[in-house]
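Chains as they are written, first to last, in our numbering: chain A, 61 to 291; chain B, 61 to 291.
Note that CB positions come from ideal geometry on N, CA and C, so glycine has one too.
From a predicted model like this one, the values you see are computed outputs, not experimental measurements.
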DNA sequence: AATTGTGAAATTGTTCACAGCA
DNA sequence: TGCTGTGAACAATTTCACAATT
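Next comes the structure, spelled out in structure tokens:
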């Protein structure tokens with residue numbers, strides 16, 4: 061079980077980059093889960109934590125937790141577990157959460173507005189610096205303290221403000237054109253909320269959140285309940 | 061390439077349920093992609109479509125498209141491809157999109173409001189019938205045409221209105237308590253937007269959308285760019 | 001005694017390659 | 001001929017199981 065005993069730990073250098081270890085997409089997703097779990101355990105005062113306890117934060121196995129972490133280094137102590145604070149900081153570094161990122165958001169509609177107010181973003185270092193829209197009634201006004209620019213000036217403003225990461229909350233019909241502008245400005249990371257497939261060059265990372273697709277998954281489960289389909 | 065030639069097709073019964081075929085989570089996700097692709101092709105007037113063309117809608121291989129579809133039946137015609145309209149309807153049935161679902165949404169804040177206005181939901185048969193909040197200023201008022209109830213009455217109202225599916229857009233701190241109420245009302249499907257891990261019984265399907273986690277993935281990619289990590 | 005770190009085994013998921021059919 | 005449907009081969013991921021360590 062969890063231990064409240066404070067414990068000194070030494071750590072080795074991260075080695076995933078050196079050993080050619082393979083880090084899968086799902087490993088990254090689980091790293092985010094561990095990070096959230098560790099934040100909770102830290103708040104509750106735990107000093108060390110076992111892979112078993114960490115696994116409970118997400119229906120995983122202890123072996124998987126250990127395997128995931130082992131891609132990046134040896135952070136634990138045999139017989140004792142992982143030091144909560146240190147492991148949390150280590151994962152923060154791996155995920156790039158030990159710094160701030162300049163974010164721009166395109167499309168100040170319903171979804172866009174909700175994201176501007178989303179408190180998790182600034183907490184994790186994602187600071188929305190610029191907003192863009194194509195609606196003249198919104199352009200050149202402030203929205204919750206952030207200036208709204210004309211989407212026509214997207215590429216130049218992104219460069220000017222050294223934006224690292226763009227969130228797309230535009231209609232599906234506009235998504236590809238806006239993406240092309242974002243890419244032309246040299247931005248390498250895009251989070252897309254438009255319910256459509258968009259194309260980016262290989263060196264640009266694109267992640268898409270499609271809320272309809274999530275509901276479709278649920279309705280699939282409802283329809284297929286009771287059959288021996290494996291999830 | 062794509063063919064515009066109309067073609068008569070006969071179809072076999074779906075057999076995934078009979079053969080014990082294994083349908084993975086990713087297969088369901090891809091089914092959603094195919095559905096969207098087929099909608100586009102149908103709009104453009106195509107009558108038949110090959111697995112190759114369908115694969116382009118999402119960086120997949122033709123073999124994967126065929127394998128995915130084969131879990132549910134033989135929908136295509138050798139030498140010709142798949143009939144667009146029929147395949148779309150078939151997938152709609154598999155995903156449970158050939159009917160409507162009664163949805164309730166808990167938490168009429170920023171995210172909740174955005175979801176109420178999300179046009180994809182009603183398009184696919186997900187009708188938000190009830191809203192819940194714990195803010196007296198919102199309770200018993202209309203929000204975009206839908207009545208807001210006190211979250212205290214959650215369980216009884218869910219039963220009364222035969223709600224199939226609940227969307228959670230509440231703060232992380234309230235998520236588990238609300239979930240327990242939802243589960244007690246017999247609802248078997250939950251879409252969670254609260255950035256926290258929640259527990260549900262095995263017979264309840266839970267999907268979580270965590271927007272911070274998506275950004276974390278992007279910042280990971282930015283930080284680890286250029287290293288031979290495989291995604 | 002407890003728990004990590006990690007090769008090896010098991011499992012799951014993807015791609016290949018080709019027989020079968022229109 | 002062209003393209004599906006699918007078993008077999010291959011690849012990736014997860015779990016096992018145990019030596020190593022505190």
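Just measuring C-alpha positions, the residue of 278(B), 89(B) and 150(B) sitting nearest residue 185(A) is 278(B). Residue pairing by DSSP places residue 202(A) opposite 207(A) in a beta bridge.
Residue range 232 to 244 is occupied by the alpha helix (DSSP H) that includes residue 241(B). Where residue 128(B) is concerned, there is no enclosing beta strand (DSSP E), although the alpha helix (DSSP H) around it starts and stops at 122 to 130. Inside the segment 98 to 172 of chain B, DSSP marks whole beta strand (DSSP E) runs of 3 or more residues at positions 161 to 166, from first to last along the chain.
Scanning its chain for C-beta atoms nearer than 8 Å, with the 5 sequence neighbours on each side dropped, one finds around residue 115(B) the residues 121, 122, 124 and 125, in chain order.
With contacts defined by Cβ atoms closer than 8 Å, residue 127(A) and residue 162(A) do not form a contacting pair.
For residue 139(B), the number of other beta carbons within 10 angstroms of its own is below 16, and it is reported as exposed. The distance from the Cβ of residue 107(B) to that of residue 143(B) is about 7 Å, consistent with a contact at the 8 Å cut-off. Residue contact check for residue 110(A) against chain B: no CB pair falls below 8 Å. With the criterion set as a beta carbon lying under 7 Å from some beta carbon of chain B, the members of the segment 238 to 271 of chain A are 248, 249, 251, 255, 257, 265, 267, 269 and 271, in sequence order. In the structure shown, the three-state DSSP call for residue 197(B) is coil.
Residue 191(A) is bridged by DSSP to 165(A) and 208(A). Around residue 156(A), the beta-carbon contacts reaching into chain B at under 9 Å are 276, 278, 279, 280, 281, 282, 283 and 284.
Taken atom to atom, the span from the alpha-carbon of residue 236(B) to that of residue 230(B) is near 10 Å.
The continuous beta strand (DSSP E) containing residue 268(A) extends over residues 265 to 268.
In the structure shown, residue 88(A) falls within a helical segment according to DSSP collapsed to helix, strand and coil. Close to residue 173(B), with beta-carbon spacing below 9 Å, are these residues of chain A in chain order: 170, 173 and 174. Membership of residue 283(B) in the alpha helix (DSSP H) is indicated by the continuous run 271 to 283. Straight-line spacing of the CA atoms in residue 239(B) and residue 167(A) works out to 32 Å.
Membership of residue 177(B) in any alpha helix (DSSP H) is not indicated, and neither H nor E is assigned to it by DSSP. Residue 195(A) does not reach chain B, its nearest Cβ partner there being about 15 Å away, counting only Cβ pairs nearer than 9 Å. Beta-bridge partners assigned by DSSP to residue 228(B): 166(B) and 252(B). Taking a Cβ-Cβ threshold of 8 Å, the residues of chain B close to residue 89(A) are 273 and 277, in chain order.
Here residue 247(A) is not near residue 269(A), since their CB atoms are 8 Å or more apart. Rounded to the nearest whole angstrom, the CA to CA distance from residue 133(B) to residue 94(A) is 39 Å. Note on geometry: alpha-carbon atoms of residue 255(A) and residue 141(A) lie some 43 Å from one another. Each of 201(B), 194(B), 220(B) and 222(B) was checked against the Cα of residue 211(B), and the nearest Cα belongs to 194(B). Here residue 104(A) is exposed. Its C-beta has fewer than 16 other C-beta atoms within 10 Å.
Rounded to the nearest whole angstrom, the CA to CA distance from residue 119(A) to residue 165(B) is 26 Å. Interface with chain B (8 Å Cβ-Cβ cutoff): residue 118(A) is included. CA-to-CA, the gap between residue 154(A) and residue 252(B) works out to about 26 Å.
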